[in-house]
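Heads up: the protein sequence lines correspond to chains H and E, in order.
Here our numbering is used: the first sequence runs in plain steps of one and ends on residue 265.
Here our numbering is used: the second sequence runs in plain steps of one and ends on residue 1337.
Below is one structure, written out as structure tokens; comments come after it.
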Amino acid sequence: MTAVTVTDLAPAPGLSGRLLAPVRDGLAVCGRNLIALRRVPRLLIFSTVQPVVFVLLFRYVFGGVVGAALHGVSYVDYLMPGVFVQVVVFGAVNTAIGLATDLQTGLMERFRSLPMARSAVLSGRTAADLVRNVFVVALISGVGFLVGFRVHSDVWGFLAGALLVVAFGFAMSWVFAVVGLAVGDPETATAAAFPVLAPLVFASSAFVPTSTMPGWLQVFANHQPVTITANAVRALMLGTPVGSQVWQALAWDVGIVAAFAPLGVWLYRRAV
Amino acid sequence: MTTQHSTAPAIRVRKLGKRFKDLVALDDVDFEVPPGSVFGLLGPNGAGKTTAIRILTTIIQPTSGRAEVLGTDVVAHPGAVRRMIGLAGQYAAVDPNLTARENLRLIGRLTQLPRGRRSPRAADLLARFDLTRAADRPVRTFSGGMRRRLDVAAALVPEPPVLFLDEPTTGLDPQSRTALWELIRELVADGTTVLLTTQYLEEADRLAHRVAVLAEGRVVADDTPHALKARLGTTVLELGMGEDPRAVRAAALIADKLQHASERDGALLRLPSPDGSLLLMDVLHALESEQLTPRTIAVRESSLDDVYLALTGHRTSGGPK
């Protein structure tokens, strides 16, 4: 059957095109999501107000009690790395909300009919949320410094810790990309997230040491990624021995992305 | 430029079937669309129109059968198909947080339009869809009609040879609707193939070279609008009999004396015929003998609505939701 050949109509992707397309299209979608963030500032404001409240509350409400048990580390110095991790974990819900909204508005249908990389809608979203996390972590650091947070290592330790936080946030974004595509609407995604995230964040070393928790809870708390990441960030920022914690945290990040990114792309292909 | 074989269809659908769990959305659907023509898929909500478009635009996969766009199989080569099509869906699928111009430029970028051509293309489309003044406002401030226009504009960004429009004029005011019809005609004059779905018979009648009527996932008719209307006669005589029993008696009388079938809808009788005025004389004469004078009389050209009614047993407006 003779028909108009495909190659005459639009450039078919060569090998370099196929390798570059995910990056090129991911950046395009990322740019689009960042515009939304800039244009609807309440998205950014609401995701920063809550952690600021946490910093202030925890610093001044629990500071006395917990600080006494910390053997020489001031509570605000202990708290801030935990808050950073908490911020990016809860912030990952935005990835689910964003994707679910795109599903609902029909924008996803359009994207699926375009000659773009299948991964771009997801990578563009998680990349934009990564940029948002950088911004939020910087802002929370500022608030932390105002209420007495001090880095005890050096600027590199602080930056390395911040990078680890952002990397963990990126990994969590992929988890919530899957959640967003699976549930398909922003309200359900938000509601589904909290019961999972609250134990992850609070049954961890983010705000208090795990040593006073009951034994069975310590087993969970000491081995889950929030604790491992918070401890690694804390060691980097407070200048205490880092050991293998950074590598363990990075291993979690790589493992989470390796598991959830393919699952997300698979769901995206099937989502209607 | 390429040479197009006049015999090769732009869209070819063979024994296409789609099942969602227990629901058969499409059942052995066949149709072909010649290049450079407008094909109308007509039917009420739930008839399978959107499912057919989703399969043809590679969004979902069929359960059975084949679908080809410009000779390319949509299941085997979805990437190639995506480079040849434009889609304007039932929802205005544009980003509410971007401006109209940013939306079009984004689509340009995602369809690999060269960087230098994205802005001129966006400006050109904004002008054609009468959106230039609102071009730099976020789309969430747009009215429903403006969004829909932008949605169609977005489908046209890569100048696709095959365009899919899923109920493109739903929610448009009459003026915008006429303007969009005009634009579709221009595109087709330039060689674009258009497949559109609609619930509006007038739209299919005005625009489409050929119409397939879908009902519950099956094609119940596939013909030119003219032939579809001719199948029933080109005119319809409508008699309002006032009360149902009178209509029943009148229908029986007309069948008996004139051997002419009529459709009854409550107290209303509908008689398709090649010449409604001539039939009217005979009908009035026949009814007079039984004192069955009609309360209202109308002779009109038959519409696709009549065809739809005859084929599926229900009207399109107020059809099953």
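Here a beta-carbon is modelled for each residue, glycine too, at the ideal position from N, C-alpha and C.
Because the structure is a prediction, the values reported are computed rather than measured.
- Between the beta-carbon of A1063/E and that of L1179/E there is about 21 Å, and that puts the pair past the 8 Å contact cut.
- At a cut-off of 8 Å between beta-carbon atoms, T1073/E makes contact with chain H.
- Remark: three or more beta-carbon pairs, one from each stretch, lie closer than 8 Å, so the stretch 1164 to 1183 of chain E and the stretch 1097 to 1112 of chain E are flagged as touching.
- Taking every protein chain shown into account, the CB of S134/H has 16 or more other CB atoms within 10 angstroms, so this residue is buried.
- A distance below 8 Å separates the beta carbons of G162/H and L123/H.
- Annotation: S1053/E to R1133/E spans about 27 Å, alpha carbon to alpha carbon.
- Chain-ordered listing is empty here: chain H has no CB closer than 9 Å to the CB of A1205/E, the nearest sitting near 18 Å.
- Residues of the stretch 1105 to 1123 of chain E with a C-beta less than 8 Å from any C-beta of chain H: G1105, Q1106, Y1107, A1108, A1109, V1110, D1111, P1112, N1113, L1114, E1118, L1122, I1123, listed in chain order.
- In this structure Q1106/E is in contact with T1066/E, their Cβ atoms being roughly 6 Å apart against a cut-off of 8 Å.
- G1056/E is bridged by DSSP to L1212/E, V1227/E.
- Look at R1316/E here: in three-state DSSP terms it is strand.
- Annotation: A1283/E to P1310/E spans about 10 Å, alpha carbon to alpha carbon.
- The criterion of a C-beta distance shorter than 8 Å is not satisfied by R1070/E and L107/H.
- The residue among I221/H, V176/H, F51/H with its C-alpha nearest the C-alpha of V239/H is I221/H.
- Proximity of the stretch 1240 to 1256 of chain E to the stretch 1081 to 1094 of chain E falls short of the contact definition, fewer than three beta-carbon pairs being nearer than 8 Å.
- Residues of the stretch 87 to 101 of chain H with a C-beta less than 7 Å from any C-beta of chain E: T98, G99, L100, listed in chain order.
- The beta carbon of L210/H sits closer than 7 Å to those of A196, all from its chain and outside the five residues before and after it, given in chain order.
- Under the 8 Å criterion on CB atoms, L1126/E is classed as interfacial with respect to chain H.
- Only those residues of the stretch 128 to 149 of chain H whose C-beta falls short of 7 Å from the nearest C-beta of chain E would be listed, and there are none.
- Pairing G208/H with F47/H, the inter-Cα distance amounts to about 27 Å.
- Taking C-beta atoms as the reference points, T1213/E and L1196/E fail to come closer than 8 Å.
- Closest by C-alpha distance to Y1324/E, out of A1041/E, N1113/E, L1057/E, is L1057/E.
- Shown in chain order are the members of the stretch 99 to 118 of chain H whose Cβ falls below 7 Å from a Cβ of chain E: G99, L100, E102, R103, R105, S106, L107, P108, M109.
- With contacts defined as CB atoms closer than 8 Å, F1047/E and D1238/E qualify as a contacting pair.
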